[in-house]
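K.L.:
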Amino acid sequence: MKYMLLLHEPDTDWTAVGQEELDKALAEHAEFVQYLAARGRPFSGEALRPSCTATTLRPKGDDIIVTDGPFVELKEHIGGFYVIEADTLDEAIEVAKHVPIGSGVEIRPIWDA
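All residue numbers for the sequence shown refer to full-length UniProt numbering, where the first residue is 1 and numbers rise by one.
Structure (structure tokens):
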């Protein structure tokens with residue numbers, strides 16, 4: 001089964017932080033990618049731009065409203081994700097324990113198409 005690991009973290013624009021902080025964060029994710037590769041399981045992942053770049057669609061009757069931003073009441077937003085393969089939720093949890101954690105990691109099973 002595939003699981004998405006949603007990485008919640010403060011809404012930091014990584015283009016505005018110092019090179020040392022950026023290098024440290026990227027090194028932590030590189031270690032996690034090496035861990036995944038060593039397991040021999042398929043995975044993918046990406047970093048996301050800050051939440052201020054988001055566009056949200058919401059239903060309103062028969063219409064769809066398009067708004068700028070995520071407009072969620074959180075200090076943290078989804079900053080990135082990995083999609084991993086795991087046989088069980090317990091295995092997905094074990095893998096997720098190796099992710100560099102900002103404010104939290106949410107694990108969600110993905111529906112098979």
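Cβ coordinates follow ideal geometry from the N, Cα and C atoms, glycine included.
If you pair each beta-carbon of the region 23–34 with each one of the region 89–104, do three or more pairs fall below 8 Å?
P.N.:
yes
K.L.:
From residue 195 to TYR3, what does the alpha carbon distance come to, in whole angstroms?
P.N.:
The requested residue 195 is not part of the displayed model; the chain covers only 1 to 113.
K.L.:
Please tell me whether PRO50 and ASP87 are closer than 7 Å, where the distance is taken between their beta carbons.
P.N.:
no
K.L.:
Closest to GLY80 by C-alpha separation, out of VAL17, ILE65, GLU20 and GLY45, would be which residue?
P.N.:
GLY45
K.L.:
Taking C-beta to C-beta, are LEU6 and GLU106 nearer than 7 Å?
P.N.:
Between LEU6 and GLU106, the C-beta spacing is below 7 Å.
K.L.:
Could you compute how far the alpha carbon of ILE93 sits from the alpha carbon of ARG58?
P.N.:
31 Å
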